Every structure is written in structure tokens, then in C-alpha cells.
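> There's a structure below that I have some questions on.
Residue numbers (the working numbering): 0 to 253.
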């Protein structure tokens, strides 16, 4: 697949670059450029990112960073079995538990929420940093909901991180998940309160909490552009009708 000329491979993280030093330089550069494309396209074009990840994987399957990138690309395209296999391979290579929450979420994607809950109670969770532990809590709550256990999902999300007044990178998503679970359980007033709190914490627009809050408040957003276009079309129709009428009107003679 073509790679833009402005992509040199130097854009990748220095730790990944260090991993690639085990490869011949030309090969390392090729792998690096493909990894840059994976990162660049992952959110906006998951299928494209997946295609570049397969190339990197074919070139350097024994590099943990490549297996991890391939895992995230497969995860983004909902190829959960493939993603889980890549994450497991990366974990074996590094011994790192950082991927544990996303591995558990892959189990959910494969229709195995019970397995995800087992992973939420595994020793690996204690090795995660705070962000990883919050992510694991979100996955566990999602697994509870998959199993129809709404009250258990709500309890799972109740934590010091949820109650904290300080805003962290995970705060908006945690509050949003809690609000959504409350709403699913029919606790609308509480859900509204927590959607509002999620909006306060969502500084980069990572959730649609503001839309959910507006929906609960009965606010409807009109498509102004569409309305303007409709008005223009209606005006054109009127002008056209008037023009036709004028054309058909017989000329008056003195």
C-alpha cells in the first residue's frame, strides 16, 4: 500500500523505535512507516489502519510493538478473535499487563462476558496503573450489562475515581458509563445528574454526553443548513411558478 512521502518513520515513539533496532535498518524503516500509518488512520479509517498493520506484521511479526499495533487495528475493525491473539502475543513477548483491559473487552466482543469478569478479578489487574484499573472497571461493568445485570453494573462503577472532584483523562468516560447504566435501569433523574457531570469533565469531546443530556431535557436540535436549503428550494419553486404564469398570460392589446 502507498505511504505518503511525508511519512518518514521517525514519527513513532522512541520506545518502539528502540524495539525496531533489532531489525536491519531498511526493514526497520519500512516497518516504522507502516506503524505510523496505523496510528494515523486508526480512528478515522480503521480498515485502512488494519491493512497497514498486516503489512507491518508480515515484515516483523517478532516485534512486540508490531503485534500490539496489529491488535489495536483488528480491535478497531471488530475482529476480536484476531485482536485477542495479537494482544496475547505482545503480552508474552513483554510480560507487560497494560493490555489486560482491552483483552478482556475482546472477550466481551466474542460474546464471553463471563470470561471478561474472570479477568477483572485476576492478579494482573493489581499490576495496572490507575488508568488501567479504571479501564478494567469499565470493561467489567460492560460485561455485567451484557449479562443483563444492570444493578451490578452500577455498583461496579461506583468507586473513588467516580466520586473524585478532580478531572483525569478517564473521568468523562467513567461518569458517562455510570449515567448510561443508571438510565438503562430507569433511574432518569440520577442519570441526568451524571450526564451533566460527564459534560463538565469532557474537555475534548470524547463522549456524546452533551447530546444525551439535551435529549433528557427534551431539547431538539434543528438542522439549520438543511432548513435553509429547503427554504431556497421553496423560493425557487415559487419563482418558477410565477415565471410560468407570466409567460402564459396573454398579451393585452390596446
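For every residue, glycine included, the Cβ atom is placed at its ideal position computed from N, Cα and C.
Because the structure is a prediction, the values reported are computed rather than measured.
By the 10 Å Cβ neighbour count, where 16 or more other Cβ atoms means buried, how is residue 102 classified, buried or exposed?
Buried, by the Cβ-count rule.
> Using 10 angstroms around the beta-carbon of residue 141, count the other beta-carbons present and answer buried if the total reaches 16, otherwise exposed.
Buried, since its Cβ has 16 or more Cβ neighbours within 10 Å.
> According to DSSP, simplified to helix, strand and coil, what is residue 244?
Residue placement at residue 244 is poorly supported in this model, since its pLDDT is 42, which falls under 50; the coordinates are not used for a value here.
> State yes or no: is the C-beta of residue 155 within less than 9 Å of the C-beta of residue 175?
For residue 155 and residue 175, no; Cβs fall outside 9 Å.
> Please decide whether residue 66 counts as near chain B, where near means a Cβ-Cβ distance under 9 Å.
Looking at the structure shown, chain B is missing, and only one protein chain is on hand.
> Decide yes or no for the touch test of the stretch 57 to 72 against the stretch 86 to 93: beta carbon pairs closer than 8 Å, at least 3 of them.
Because the criterion of three Cβ pairs below 8 Å is met, the stretch 57 to 72 and the stretch 86 to 93 touch.
> Straight-line CA distance for residue 23 to residue 152?
Straight-line Cα distance between these residues: approximately 49 Å.
> Considering just the uninterrupted stretch of the alpha helix (DSSP H) at residue 124, what are its terminal residues?
It is not in any alpha helix (DSSP H) - residue 124 carries neither H nor E in the DSSP assignment.
> What do you get for residue 157, buried or exposed, if any count of 16 or more other CB atoms within 10 angstroms of its CB means buried?
Exposed, since its Cβ has fewer than 16 Cβ neighbours within 10 Å.
> Classify residue 65: buried if its beta carbon has 16 or more other beta carbons within 10 angstroms, exposed otherwise.
With 16 or more Cβ atoms within 10 Å of its Cβ, residue 65 is classed as buried.
> Taking buried to mean at least 16 other C-beta atoms within 10 Å of its own C-beta, is residue 13 buried or exposed?
Flag for residue 13 reads exposed.
> State buried or exposed for residue 185, treating a residue as buried only when at least 16 other CB atoms are found within 10 Å of its CB.
So residue 185 counts as exposed.
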